[in-house]
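In what follows, a single structure is set out as structure tokens and then discussed.
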Amino acid sequence: MKYLKPCFRTLFAVITLALTMSCAFAGRQIEEKLVPSVQSTLASAIADRGAPRLIGDPRLTQTWLAEMSTRLARRMPDPEARTEFLITVQYEASRAGLDPQLVLAVITHESAFRKYAISSASARGYMQVMPFWVRLIGSPEHNLFHLRTNLRYGCVILRHYLDIEKGDTVRALARY
Numbered sequence: 096m097k098y099l100k101p102c103f104r105t106l107f108a109v110i111t112l113a114l115t116m117s118c119a120f121a122g123r124q125i126e127e128k129l130v131p132s133v134q135s136t137l138a139s140a141i142a143d144r145g146a147p148r149l150i151g152d153p154r155l156t157q158t159w160l161a162e163m164s165t166r167l168a169r170r171m172p173d174p175e176a177r178t179e180f181l182i183t184v185q186y187e188a189s190r191a192g193l194d195p196q197l198v199l200a201v202i203t204h205e206s207a208f209r210k211y212a213i214s215s216a217s218a219r220g221y222m223q224v225m226p227f228w229v230r231l232i233g234s235p236e237h238n239l240f241h242l243r244t245n246l247r248y249g250c251v252i253l254r255h256y257l258d259i260e261k262g263d264t265v266r267a268l269a270r271y
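Adding 95 to a residue's 1-based position in the sequence shown gives its number in the working numbering.
So, in structure tokens, the structure goes:
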């Protein structure tokens, strides 16, 4: 549990900085033309359909799951739905090379954990994924309100933005 606290402090600082900087980059979240190799790579990342499971040291992941479940209890009262949500967040974040805490912070900011959230720009779901991404890297049957689909797209897109911004979390979050 002690290892989580420094992580939260760092994450809080990054998110605070990103939110203050987002004003400077507001409106940059537009559909960009992707080169075919990037489009293919992102489409491949979306296509994998392995079953969500906790990835990493079982002791640490179970500790993380218990801690996050307690924190989310008020937002998600159903324990089974909450557990499925957290396992999916941890799985999709890990497979995209992201910190699950960063993904939870994005979800907090973007949708306040509302599965069916729709923004004024038509972004959808927990991670507020823009529908044009389905056309660019997915397939028409992908439903952005489906838990796994939304988290998969959101994590792959955030990873893409981190790669574009050479690992600069603040700039990647501003793009997101």
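We put the beta carbon where it would ideally sit given N, CA and C, even for glycine.
Where residue 238 falls, given that 16 or more other Cβ within 10 Å makes a residue buried: Residue numbering aside, residue 238 sits at position 143 when the sequence shown is read from its first letter. Under this definition residue 238 is an exposed residue.
For residue 220, count the other beta carbons within 10 Å of its own beta carbon; 16 or more makes it buried, fewer makes it exposed. Which is it? Residue mapping note: residue 220 aligns to position 125 of the sequence shown, counting from 1. Result: buried.
Leaving out five residues before and five after residue 160 in sequence, what residues of the same chain have Cβ atoms less than 6 Å from its Cβ? Position 65 of the sequence shown, counted from the first residue, corresponds to residue 160. In chain order, 181 place their CB closer than 6 Å to the CB of residue 160, counting only its own chain and leaving out the 5 sequence neighbours on each side.
Look up residue 219 in the DSSP assignment and say whether it is helix, strand or coil. On the sequence shown, residue 219 is found 124 positions in, with the first residue counted as 1. If DSSP states are grouped into helix, strand and coil, residue 219 belongs with the strands.
Given a cut-off of 8 Å on the beta-carbon distance, is the pair residue 251 and residue 125 in contact? Taking the first residue of the sequence shown as position 1, residue 251 is located at position 156. Taking the first residue of the sequence shown as position 1, residue 125 is located at position 30. The Cβ atoms of residue 251 and residue 125 lie no closer than 8 Å to each other.
Should residue 148 be labelled buried (16 or more other beta-carbon atoms within 10 Å of its own) or exposed? Residue mapping note: residue 148 aligns to position 53 of the sequence shown, counting from 1. Result: exposed.
Short of 7 Å in beta carbon distance, which residues of its chain neighbour residue 246, apart from the five on each side in sequence? Order them along the chain. By one-based count along the sequence shown, residue 246 stands at place 151. Leaving aside the five residues that flank residue 246 on each side, the residues in its chain whose CB is nearer than 7 Å to its CB run, in chain order, 183, 184, 187, 221 and 222.
Would residue 155 be called buried (16 or more neighbouring beta carbons within 10 Å of its own) or exposed? Along the sequence shown, one-based indexing puts residue 155 at 60. With fewer than 16 other CB atoms across the displayed protein chains lying within 10 angstroms of its CB, residue 155 is exposed.
For residue 236, is the classification buried or exposed, using 16 other Cβ atoms within 10 angstroms of its Cβ as the cut-off for buried? The residue labelled residue 236 in the question sits at position 141 within the sequence shown. With fewer than 16 other beta carbons inside 10 angstroms of its own, residue 236 counts as exposed.
Which residue wins for smallest C-alpha separation from residue 253, given the options 193, 151, 168 and 226? Counting from one through the sequence shown, the residue named residue 253 turns up at place 158. Minimum Cα distance to residue 253 is reached at 193.
Proximal residues to residue 263 (C-beta, below 8 Å), its chain only, five neighbours per side dropped: In the sequence shown, counting from the first residue as 1, residue 263 sits at position 168. Contacts found: 257.
Output the distance between the C-alpha atoms of residue 211 and residue 241, rounded to the nearest integer angstrom. The residue given as residue 211 occupies position 116 in the sequence shown. The residue given as residue 241 occupies position 146 in the sequence shown. A direct Cα-Cα distance of roughly 9 Å separates residue 211 from residue 241.
CB contact flag (residue 215, residue 226, <8 Å): Numbered from 1 along the sequence shown, position 120 holds the residue referred to as residue 215. Numbered from 1 along the sequence shown, position 131 holds the residue referred to as residue 226. Cβ distance not < 8 Å, so residue 215 and residue 226 don't count as in contact.
Would you report the Cα separation of residue 132 and residue 232, rounded to the nearest angstrom? For the purposes of this step, residue 132 is taken as the residue at position 37 of the sequence shown. For the purposes of this step, residue 232 is taken as the residue at position 137 of the sequence shown. Answer to the nearest angstrom: the Cα atoms are 11 Å apart.
Beta-bridge pairing of residue 229 - partner residues as DSSP gives them: Within the sequence shown, the letter at position 134 stands for residue 229. DSSP lists no partner for residue 229.
Given a cut-off of 8 Å, decide if residue 248 and residue 201 are closer than it, judged by their beta-carbon atoms. What you label residue 201 is simply residue 106 of the sequence shown in a count that begins at 1. What you label residue 248 is simply residue 153 of the sequence shown in a count that begins at 1. Taking 8 Å as the Cβ cut-off, residue 201 and residue 248 do not qualify as a contacting pair.
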